[in-house]
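A.B. asks: To convert, take the position in the sequence shown, counting from 1, and add 13; that gives the working numbering.
Sharing a structure here in structure tokens format.
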Amino acid sequence: MNTTPDGRPIPPAHADERAMLEAWLDFHRATLALKCSGLKDDQLRLAAVSPSSMTLLGLVQHVAEVERNWFQRVFAGQDVPPVFGESNVDGYALRPDRGLDEATAAWQSEVARGRELIADASLDDSGRLSEQEAGFVGDQGVSLRWIMVHMIEEYARHNGHADLIREQIDGVTGA
């Protein structure tokens with residue numbers, strides 16, 4: 014079996030480091046998509062608990078921005094604007110006219126672009142953090158390996174948020 018019963022790709026039990034990192038990242042990407050599936054627009058816009066304004070739709074937009082930041086800005090050194098505009102640099106802000114289909118298309122576009130940028134790169138190749146970001150990490154240079162592990166952590170953490178939000182919406186847990 015190469016997928017879970019709900020269709021997510023199962024990371025291999027044995028693989029080289031690159032394949033393992035890519036598989037776990039894809040698993041967590043699929044998990045967030047699953048957490049958003051089958052919901053109506055108004056449900057995707059419900060915040061988990063006050064005072065948090067985090068929503069499932071906001072999480073999808075946020076990870077689109079995270080993908081752009083780490084693979085395009087940091088790793089490839091590209092100067093690209095925020096995915097959803099200068100007034101939404103973290104991606105969380107919702108617009109009434111942007112639903113899950115548009116947000117998911119943007120997210121998948123960012124995933125595809127990131128894959129292109131790292132396709133021929135070594136895990137030891139480095140990207141460059143801003144001085145502010147480097148203050149948190151302790152170095153301006155970060156390897157692709159570091160970026161991929163960070164991305165897995167980012168998705169895993171937000172999938173925990175998505176679990177709680179989804180349970181609040183309709184009682185669905187797991188995955």
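Think of the CB as a built atom: it goes at the ideal place given N, C-alpha and C, for glycine as much as any other residue.
Mind the definition here: the stretch 142-153 touches the stretch 93-106 only if three or more C-beta pairs lie below 8 Å; say whether that holds.
C.D. replies: no
A.B. asks: Quick one: grab the DSSP three-state call for Gly173.
C.D. replies: In this structure, Gly173 counts as helix in the three-state DSSP scheme.
A.B. asks: By DSSP, does Gly127 sit in helix, in strand, or in coil?
C.D. replies: helix
A.B. asks: So the candidates are Glu123, Gln56 and Thr16; which of them puts its Cα closest to the Cα of Ala175?
C.D. replies: Gln56
A.B. asks: Do Val87 and Trp120 have their beta-carbon atoms positioned less than 8 Å apart in this structure?
C.D. replies: no
A.B. asks: Taking contact to mean 3 or more Cβ pairs, one atom from each stretch, closer than 8 Å, check whether the stretch 79-95 and the stretch 43-57 are in contact.
C.D. replies: no
A.B. asks: So Gly154 is in the beta strand (DSSP E); what residue range does that whole segment cover?
C.D. replies: Gly154 to Ser156
A.B. asks: When you compare the CB positions of Gln74 and Gly51, do they come within less than 8 Å of one another, or not?
C.D. replies: no
A.B. asks: Closest to Glu129 by CA distance: which of Val162, Pro109, Ala89 and Ile160 is it?
C.D. replies: Ala89
A.B. asks: Report the three-state DSSP secondary structure of Gly140 (helix, strand or coil).
C.D. replies: strand
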